[in-house]
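Here the structure comes first, spelled out in structure tokens, and everything after it is commentary.
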Amino acid sequence: VTDRGLVTRFMIQLEAFSKEKWTPVVRYDSYHGFAHLDILHPDGRQDKIRSVAKDLNEALNTAFADLLTNWEYYVSAYLKEQ
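Numbering (the numbering used here), first residue to last: 2 to 83.
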């Protein structure tokens with residue numbers, strides 16, 4: 002969501018197709034009052050890593066760059082835990 006060109010909140014989620022369904026693997030969002038990465042685990046645990054970005058625009062751009070670069074790692078790590 003933007004307001005006059007500035008990001009006010011966001012969510013980007015990487016999913017993998019496993020066991021006949023799409024499953025969330027990692028998610029970047031700005032809920033809970035701050036930008037962060039949630040690393041999701043098959044057993045339901047979530048690791049929350051706070052973003053050090055100066056604002057939500059930077060956090061969103063960083064999130065896209067990370068997922069484009071590291072999506073294979075995130076999917077592989079998730080599937081190894083199943």
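Virtual Cβ for every residue (Gly too), placed ideally from N, Cα, C.
Counting along the chain, where does the alpha helix (DSSP H) carrying residue i start and finish?
i: E59; result: L57 to E82
Please look up how many angstroms separate the CB atoms of residue i and residue j, rounded, as I've assumed it's under 8 Å.
i: V26; j: A36; result: About 18 Å separates the two Cβ atoms, so there is no contact after all.
Exposed or buried, what is residue i when buried is set at 16 or more other beta-carbons lying within 10 Å of its beta-carbon?
i: L7; result: exposed
i: A66; result: exposed
i: L61; result: buried
i: L57; result: buried
i: S77; result: exposed
Would residue i pass as a contact of residue j if the rule is Cβ separation under 8 Å?
i: D39; j: R28; result: yes
i: L68; j: L15; result: yes
query: Which residue spans inside the segment 4-56 form an unbroken alpha helix (DSSP H) run of at least 4?
result: none
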